[in-house]
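The next block holds one structure in the form of structure tokens; read it before the comments.
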Amino acid sequence: MILLDSFIIIGTAGHVDHGKTQLVRALTGVDTDRLKEEQERGISIELGFAPLRLTSGITAGIVDVPGHERFVKNMLAGAGGIDLVLFVVAADEGVMPQTREHLDILELLHIQKAVVALTKVDLVDEEWLMMVEEDVQELLHPTSFSDAPIIPVSVVTKEGLEELRAAVEKMAQEVSPKPRVGEARLPIDRVFTITGFGTVVTGTLFSGNIRIGDTLEVQPSGLKGRVRSIQVHGQKEEEALAGQRVAVNLTGIEVEQMTRGEVLVTPGVFPAVQRITASLHLLKGSPHPLKNWQRVRFHLGTKEALGRVRLLDRDELQPGSTTPVQIELEEPVVAVVHDRFVIRYYSPVTTIGGGEIIEVGGKRYRRFRDEVLDGLERKLTGTPSIRAAEELRSEKEPVTLAELANRTGISEDEMHQILEDLEDSEDVQVFDLGGDIFVISISLYEEWEHQVKDALSNYHREYSLRSGCPKEEVRTRLLKKLTPRFYQAILDRWAEQGKLIVDGQNLAVPGFAVTLSPEQRDQVQAMHKSLASQPFLPPGAAEVRELLGNNLDLLQYCIQQGMLVKVGEDLYFLNDAVEQAWILIEKYLKDHGEVTIGQVRDILGTSRRCCLPLLEYFDRLKKTRRVGDKRILFSVPGKNV
């Protein structure tokens with residue numbers, strides 16, 4: 000049940016000249032025919048609006064829609080946000096063509112509740128009235144409005160008006176309110192200007208709220224404007240809430256830059272797209288089957304766009320049938336998962352079907368694929384958890400919590416709990432990167448893990464002497480679409496779970512260890528023996544490499560294992576020799592305070608070719624410091640170093 004001080008939208012529907020506008024005037028005191036042409040012709044052409052305050056505390060905004068067949072697209076522009084319909088049938092004419100078409104539209108849009116007003120009862124006798132009432136009951140019987148109350152009324156004699164108001168009041172309290180959480184989305188149905196104020200747009204606020212001072216975005220144009228003032232049901236307010244009829248005065252956008260069908264939204268949340276994946280129902284009364292790739296008129300909210308329908312499981316959709324489709328639009332629209340839409344033939348322009356959006360944007364699916372059809376069915380009918388898991392199933396990149404909520408039509412708060420449950424059941428992996436929540440399916444997580452492990456195993460076989468593969472090389476080859484931050488997070492997760500080894504900048508599979516072949520062991524021993532024979536007078540780098548079979552990986556292995564030390568650009572010492580050399584040099588420095596290159600040469604019994612790079616090496620290690628042509632200990636008590 001809707002709460003007190005809540006807001007709903009009541010829409011009129013019915014054939015032209017059946018008394019919709021007069022009935023609204025009788026209920027509210029407002030004449031919704033504001034255009035001169037409407038008043039002269041006595042019919043509604045554009046949408047009209049009037050507030051209705053109910054005794055229960057509910058404020059209703061009445062949207063009076065045109066009934067003439069030429070203005071059905073205007074009717075559709077006002078029907079998208081309706082919670083309760085006031086379905087009008089004139090007693091003197093009964094059910095007419097637009098009565099049926101409007102009813103079809105209301106059914107396709109899943110309007111929640113209905114009250115039927117049999118108008119102009121002052122023009123008919125009781126027997127005729129009973130016959131018309133039976134016709135209406137028969138019309139409504141197969142629909143979701145079969146239990147709708149039918150109230151005979153006359154705006155001339157006032158008969159039935161109080162009963163009608165009471166029926167509307169009762170139904171209004173059974174309407175589910177629109178979600179006030181989330182981001183603002185207001186499909187625009189009117190754009191005009193007021194002298195001294197500028198651009199004004201009106202519409203029904205589908206979700207979220209709008210406050211004075213907010214910066215909002217117009218999609219699909221991308222223009223941004225600031226909210227200067229707000230009116231709700233004709234009254235100035237500081238804030239508008241979901242479910243209200245709202246007029247928004249914008250600064251920063253000219254009236255010529257906007258049009259009906261665009262959507263006023265929170266910036267960066269609702270992208271405009273040209274592909275819609277949906278469940279489409281073709282009305283039983285459609286005169287022809289719908290063929291694959293047939294051109295149609297697509298109506299969503301206040302927007303009309305041309306597009307073509309791709310049937311995913313057949314070549315023709317028969318009247319009365321429902322099927323998954325993709326609609327390729329000729330211009331961008333703003334849509335949200337679970338939005339309801341209507342399609343009409345391109346020509347002649349008649350309503351033929353509609354349905355529910357399953358995906359917004361997204362990939363172009365191949366036809367006649369069971370896995371595609373099964374997945375779309377799960378997204379359409381599954382629980383929130385199933386829909387979230389299904390959305391991630393085919394995703395090959397991390398998805399933010401906000402993106403996932405938007406794609407599935409689930410609130411972010413609910414999505415938080417869903418992800419916790421899915422993570423507990425090991426269906427997804429969730430990553431919190433400084434407050435930014437990212438999620439991937441467990442299948443994608445395991446797929447990446449296997450790819451990385453296979454690549455590392457191949458790397459270990461090819462480069463068996465290297466301790467691991469550079470992690471950036473792995474990212475570039477396999478996971479280049481991942482940001483460095485997310486990549487590091489998933490590496491940390493794998494390391495924590497023992498799935499791989501992260502050693503500084505290198506990656507390795509668990510259990511990997513560098514091993515030498517018998518030939519390589521012999522080469523290392525020969526190299527060691529050669530350098531150990533004259534520890535302070537080693538051969539040049541070329542000879543060392545030759546002793547190791549010119550295998551640079553084997554040379555690097557000897558360095559990593561602490562056997563060799565690269566002292567200079569072209570000079571390698573055994574590590575034991577470097578340590579022994581430092582013991583001798585340090586002792587001399589402690590005894591004499593300073594040492595020259597020549598003295599080091601004599602101490603070690605080596606050549607200038609070897610002792611100069613060795614001293615520079617000790618300088619880099621901050622063991623010694625050069626002063627002129629001498630060295631002293633890097634840190635000497637009592638001296639400023």
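Numbering that gives the first Met the number 0 numbers the first residue of the sequence shown as 0 and each following residue consecutively. C-beta: ideal position from N, C-alpha, C; glycine also.
Exercise for the section: Determine the contact status of M257 and L222, defining contact as a CB-CB distance below 9 Å. Expected result: On the sequence shown, position 258 is the one that residue 257 refers to. On the sequence shown, position 223 is the one that residue 222 refers to. For M257 and L222, yes; Cβs fall inside 9 Å.
Practice task
Can you say whether I357 is buried or exposed, counting buried as having 16 or more other CB atoms within 10 angstroms of its CB?
Solution key: The residue you call residue 357 lines up with position 358 of the sequence shown. Buried, since its Cβ has 16 or more Cβ neighbours within 10 Å.
Problem - Candidates E545, Y462, R520: closest to N641 by CA position - result: Nothing in the structure corresponds to residue 641, since the chain is present only between 0 and 640.
Problem - Where V167 sits in the DSSP three-state scheme - result: The sequence position of residue 167 within the sequence shown is 168, counting from 1. Note: V167 maps to helix in three-state DSSP.
Handout entry: Same chain only: Cβ atoms within 7 Å of E329, ignoring 5 sequence neighbours per side
Key = In the sequence shown, the residue the question calls residue 329 occupies position 330. Excluding residues within five positions, the ones whose Cβ falls inside 7 Å are A304, L305, G306.
Problem - At least three beta-carbon pairs within less than 8 Å, the segment 280 to 299 to the segment 228 to 246 - result: no
Exercise for the section: Please list, in chain order, all residues of the same chain as K498 whose beta carbon is under 7 Å from its beta carbon, the five residues on each side excluded. Expected result: On the sequence shown, position 499 is the one that residue 498 refers to. If we look at K498 and ignore the five residues flanking it on each side, its Cβ neighbours are E448.
Exercise for the section: Go through its chain and collect everything with a Cβ distance to L375's Cβ below 6 Å, but skip five positions before and after it. Expected result: Reading the sequence shown from its first residue, position 376 is the one you call residue 375. Closer than 6 Å at Cβ, skipping near neighbours: P323, I357.
Problem - Beta-carbon proximity list for L249, same chain, < 6 Å, skipping 5 on both sides - result: Taking the first residue of the sequence shown as 1, we reach residue 249 at position 250. If the five residues before and after L249 are omitted, its C-beta is found closer than 6 Å to the C-beta atoms of T198, G224, all from its own chain and listed in chain order.
Handout entry: For Q325, three-class secondary structure by DSSP
Key = Along the sequence shown, one-based indexing puts residue 325 at 326. Strand, per DSSP.
Exercise for the section: Could you name the residues of the same chain whose beta carbon sits closer than 6 Å to that of A90, not counting the 5 residues immediately before and after it, in chain order? Expected result: Position 91 of the sequence shown, counted from the first residue, corresponds to residue 90. So the list reads L117, K119, V120, V123, L128, V131, once near-sequence residues are dropped.
Handout entry: Inter-residue spacing [alpha-carbon to alpha-carbon] between R476 and A494
Key = The residue given as residue 476 occupies position 477 in the sequence shown. The residue given as residue 494 occupies position 495 in the sequence shown. Spanning the two alpha carbons is a distance of roughly 20 Å.
Exercise for the section: Assess, as a yes-or-no matter, whether the segment 384 to 391 is touched by the segment 434 to 444 under the definition of 3 or more beta carbon pairs within less than 8 Å. Expected result: yes
Exercise for the section: Please classify N405: is it buried, with 16 or more other beta-carbons within 10 angstroms of its beta-carbon, or exposed? Expected result: As a position in the sequence shown, residue 405 is number 406, starting the count at 1. Result: buried.
Exercise for the section: Report the rounded CA-to-CA distance for H140 versus V23, giving the unit in angstroms. Expected result: Locating residue 140 in the sequence shown gives position 141, where the first residue counts as 1. Locating residue 23 in the sequence shown gives position 24, where the first residue counts as 1. Distance between the alpha carbons of H140 and V23: 26 Å.
Problem - Separation of T321 from E425, as counted between CA atoms - result: Translated into positions along the sequence shown, residue 425 becomes position 426. Translated into positions along the sequence shown, residue 321 becomes position 322. Rounded to whole angstroms, the separation of the alpha carbons of T321 and E425 is 34 Å.
Exercise for the section: Return the first residue and the last residue of the beta strand (DSSP E) that E355 is part of. Expected result: In the sequence shown, residue 355 corresponds to position 356, counting from 1. Segment 350 to 359, the beta strand (DSSP E) holding E355.
Problem - Close Cβ partners of D711 (< 6 Å) along its chain, the five nearest in sequence each way excluded - result: Since the first and last residues shown for the chain are 0 and 640, residue 711 lies out of range.
Exercise for the section: Could you please give the first and the last residue of the uninterrupted alpha helix (DSSP H) stretch that includes I596? Expected result: Residue mapping note: residue 596 aligns to position 597 of the sequence shown, counting from 1. From DSSP, the alpha helix (DSSP H) with I596 extends over 596 to 603.
Problem - Spatially closest choice to I229 from Q218, S206, S220, G202, by CA coordinates - result: Counted from its first residue, the sequence shown places residue 229 at position 230. Ranking Q218, S206, S220, G202 by Cα distance to I229 puts G202 first.
Problem - Exposure of Y345, with buried meaning 16 or more beta-carbon neighbours within 10 Å - result: Taking the first residue of the sequence shown as 1, we reach residue 345 at position 346. Exposed is the call here.
Exercise for the section: At 4 residues or longer, and completely inside the segment 497 to 535: list those alpha helix (DSSP H) runs for me, N to C. Expected result: 517 to 532
Exercise for the section: Give the secondary structure of T118 by DSSP, where H, G and I count as helix, E and B as strand, and everything else as coil. Expected result: Along the sequence shown, one-based indexing puts residue 118 at 119. Strand at T118.
Exercise for the section: Can you tell me which of T514, E585, A113, L107 puts its alpha carbon nearest to the alpha carbon of L282? Expected result: Reading the sequence shown from its first residue, position 283 is the one you call residue 282. Nearest in C-alpha terms to L282, of all of T514, E585, A113, L107, is L107.
Handout entry: DSSP three-state assignment for N549, whether helix, strand or coil
Key = Numbered from its first residue, the sequence shown carries residue 549 at position 550. Residue state, collapsed to three classes: coil.
Exercise for the section: Measure the beta-carbon distance from G207 to G181 and round it to whole angstroms, keeping in mind my assumption that it falls under 8 Å. Expected result: Here residue 207 is taken as the residue at index 208 of the sequence shown, counted from 1. Here residue 181 is taken as the residue at index 182 of the sequence shown, counted from 1. Confirmed, Cβ separation roughly 5 Å.
Handout entry: Alpha-carbon spacing of Y486 relative to K528, whole angstroms
Key = In the sequence shown, counting from the first residue as 1, residue 486 sits at position 487. In the sequence shown, counting from the first residue as 1, residue 528 sits at position 529. In a straight line, the C-alpha of Y486 is about 45 Å away from that of K528.
Problem - DSSP three-state assignment for P483, whether helix, strand or coil - result: Mapped onto the sequence shown, residue 483 falls at position 484. Residue state, collapsed to three classes: helix.
Handout entry: 7 Å Cβ shell around V559 - same chain, five flanking residues per side excluded
Key = Along the sequence shown, one-based indexing puts residue 559 at 560. At residue 559 the sequence reads Gln, which differs from the Val that was named. Same-chain partners within the cutoff: S466.
Exercise for the section: Look at the alpha carbon of L138 and the alpha carbon of G93, and state the distance between them as a whole number of angstroms. Expected result: By one-based count along the sequence shown, residue 138 stands at place 139. By one-based count along the sequence shown, residue 93 stands at place 94. Cα-Cα distance, rounded: 11 Å.
Handout entry: Unbroken beta strand (DSSP E) run spanning V577, endpoints
Key = Against the sequence shown, residue 577 aligns to sequence position 578. Careful: V577 lies outside any beta strand (DSSP E), inside the alpha helix (DSSP H) at 574 to 591.
Handout entry: Same chain only: Cβ atoms within 7 Å of R294, ignoring 5 sequence neighbours per side
Key = Position 295 of the sequence shown, counted from the start, is the residue given in the question as residue 294. Cβ neighbours of R294 beyond the five flanking positions: L305, R307, Y345.
Problem - Distance cut-off 8 Å: E162 Cβ against heavy atoms of the ligand ZN - result: What this structure holds is no ligand at all, so the ligand ZN is not there to describe.
Exercise for the section: Pull up the distance between the alpha-carbon of I584 and that of K470, whole angstroms please. Expected result: Position 585 of the sequence shown, counted from the start, is the residue given in the question as residue 584. Position 471 of the sequence shown, counted from the start, is the residue given in the question as residue 470. The straight-line gap from Cα to Cα measures roughly 40 Å.
Practice task
Tell whether a beta-carbon distance below 9 Å holds between L570 and P612.
Solution key: Here residue 570 corresponds to residue number 571 of the sequence shown, with the count starting at 1. Here residue 612 corresponds to residue number 613 of the sequence shown, with the count starting at 1. Result yes, Cβ atoms of L570 and P612 sit closer than 9 Å.
Problem - Per-residue DSSP class, three states only, for E330 - result: Looking up residue 330 in the sequence shown gives position 331. Reduced to three states, the DSSP call for E330 is strand.
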